[in-house]
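Counted from 1, the sequence shown has number 234 at position 234 by the UniProt record's numbering; the numbering is strictly sequential.
Backbone N, C-alpha and C define an ideal beta-carbon position, used for all residues, glycine too.
Just so it is clear, the structure is predicted and the values come from calculations on it, not from any experiment.
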Amino acid sequence: MLLTPGPTEVPDRVREAMAREPINPDVDPAFVELYESVCEKLARVYGADESGATATDHDVVVLGGEGILGLEAAVESVVAPGDDVLCVANGVYGEGFADFVSGVGGNPVVAAVDHDDPLPVEEVADLLASDDYDFEVATLVHCETPTGVLNDLDPILDLLDEHDVLSIVDAVSSLGGTPVPTDRIDLCLGASQKCLSSPAGLTTVAVSDRAWDRIEAVDPDSYYTNLLPWRSVVEDEWFPYTHLVSNVYGLDESLDVVLEEGVESVFARHADAAAHCRARGAELGLSVVPGEDSRSSPTVTAFEVPGRADELQTRLAEEHDVTLATGLGDGADDVLRVGHMGYGAEVEKVDRAMDALEAVL
Ligand SMILES: *Cc1c(COP(=O)(O)O)cnc(C)c1O
């Protein structure tokens with residue numbers, strides 16, 4: 001049983017959809033229709049809140065490539081050489097944005113706090129007000145998957161609005177599992193292999209009008225990571241490269257699974273699975289990394305198991321056929337993560353994993 005925080009288990013329905021005969025996406029008009037329909041379904045997941053699916057006003061595009069592609073493409077498309085970029089971070093992915101910014105010749109200014117602290121709202125306010133910098137773009141992470149932290153983005157997005165700064169948000173591990181404030185975000189990044197329970201291979205991006213304007217102004221030199229051609233792929237019936245047809249079949253089916261259940265029910269299922277996971281962990285004397293349940297993500301729980309994560313992971317797999325994840329980066333061996341995401345967000349599945357963890361502990 002695979003309960004990692006991505007890639008997640010893929011339901012049979014999605015695997016069967018991927019086995020359909022591939023069409024030629026460069027030649028067959030049916031592909032443009034399929035792509036457009038996938039983007040429409042995705043827009044409803046992007047815009048969903050606890051009361052159900054409402055499409056985001058922003059354009060949604062689907063790129064052929066694993067989730068990291070979206071992070072790099074977003075930065076490449078809106079950051080020009082010499083630009084100051086505010087990278088707000090309380091974890092590995094938040095800090096990693098600075099590398100993409102440096103890669104395009106931008107100047108990353110990192111407002112970072114410890115991985116178990118909330119985002120530094122006051123430091124961000126000071127930096128935005130400072131005469132030392134001229135920020136046009138800021139980067140943020142919604143769910144820091146390595147630590148199971150779900151960040152409250154609103155206070156930072158309020159500040160970015162006040163200063164007219166464009167936002168890039170990595171929502172890869174929250175999209176489809178909990179509401180994402182997509183309509184407030186200029187470039188909102190998702191991927192197929194987390195809460196959507198498709199295999200790795202597709203990146204999703206919701207793009208605001210002002211982000212498109214900015215991309216046009218920057219006019220990126222890159223090709224694979226340039227978002228600009230994606231603005232008009234449906235209208236032009238032309239894609240910058242051959243799309244991943246089988247993955248798109250899979251994502252289409254994954255979105256049907258989510259929308260048929262109802263997004264509000266999907267979100268509630270994630271919240272229940274997460275609460276159950278933490279309650280079972282508390283019974284075993286395990287603490288969560290964010291220190292408090294209220295800042296833990298409904299999609300992933302990171303338990304503190306100092307110096308034991310590798311051993312526990314191996315024994316869970318060998319003795320109980322349950323696959324969980326360790327941490328990432330420094331202290332990877334100190335954190336054991338349960339991904340209750342997408343197809344895996346079920347109280348019964350969490351129970352099976354936690355029964356196994358109890359036995360191994
Ligand atoms: C999974 C994930 C990504 C995508 O990258 P991987 O190569 O799958 O790690 C990006 N951002 C976050 C926050 C993720 O959880």
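Nonlocal neighbours in the same chain, by C-beta distance under 8 Å from residue i, ignoring five residues either side
i, result
"V218", "S77, V78, V79 and A80"
"L34", "V248, Y249 and D252"
Cβ neighbour criterion (16 or more within 10 Å) applied to residue i
i, result
"R15", "exposed"
"D134", "exposed"
"V27", "exposed"
"P7", "buried"
"Y343", "buried"
Any non-hydrogen atom of ligand 1 within 7 Å of residue i CB
i, result
"S297", "no"
"A191", "yes"
"E123", "no"
"T145", "yes"
"D99", "no"
"V141", "yes"
"I168", "no"
"V172", "yes"
"G176", "no"
First and last residue of the uninterrupted alpha helix (DSSP H) at residue i
i, result
"G68", "Before going on, a small fix: residue 68 reads as Ile here, not Gly. Element bounds for I68: I68 to V78."
"C277", "V263 to E283"
"G329", "Element bounds for G329: n/a, residue is neither H nor E."
"F239", "It is not in any alpha helix (DSSP H) - F239 carries neither H nor E in the DSSP assignment."
"I215", "D209 to V218"
"G96", "V92 to G103"
"P314", "Note that residue 314 is Thr in the sequence shown, not Pro. Per DSSP, T314 belongs to the alpha helix (DSSP H) from A309 to H320."
Proximal residues to residue i (C-beta, below 7 Å), its chain only, five neighbours per side dropped
i, result
"H270", "G177, T178, P298, T299, H340 and A345"
"E136", "D83, V165 and L166"
6 Å CB neighbourhood of residue i in its chain, flanking five on each side removed
i, result
"G281", "F303"
"R13", "E253"
"G307", "D333"
"C87", "F97, A98, P108, V110 and T139"
"A191", "G67, V172 and T203"
"residue 370", "Only positions 1 to 361 of the chain appear in this structure, which leaves residue 370 out of reach."
Residue interval of the beta strand (DSSP E) (run including residue i)
i, result
"P155", "First-last for P155: D154 to E162, but that is the alpha helix (DSSP H), not the beta strand (DSSP E)."
"N107", "N107 to A112"
"R337", "V335 to G339"
"E346", "Counting along the chain, E346 falls outside any beta strand (DSSP E), and DSSP gives it neither H nor E."
"G138", "In the sequence as presented, Gly is not what sits at residue 138; that position holds Ala. That run of the beta strand (DSSP E) goes F135 to V141."
"L187", "L187 to A191"
When the options are compared against residue i, the one with the closest alpha-carbon
i, options, result
"G64", "L244, S51, V169 and F239", "L244"
"N226", "D236, E237 and R214", "R214"
"G52", "S296, C277 and V258", "V258"
"V121", "C143, Q193, D152 and V263", "D152"
"H163", "L187, L128, L150 and D132", "L128"
"A74", "V338, H115, A112 and V207", "V207"
"R278", "L316, L357, V234 and E261", "L357"
"T56", "D351, V180 and E123", "V180"
"A309", "V322, R295, G331 and E319", "G331"
"V61", "V338, A317 and F239", "F239"
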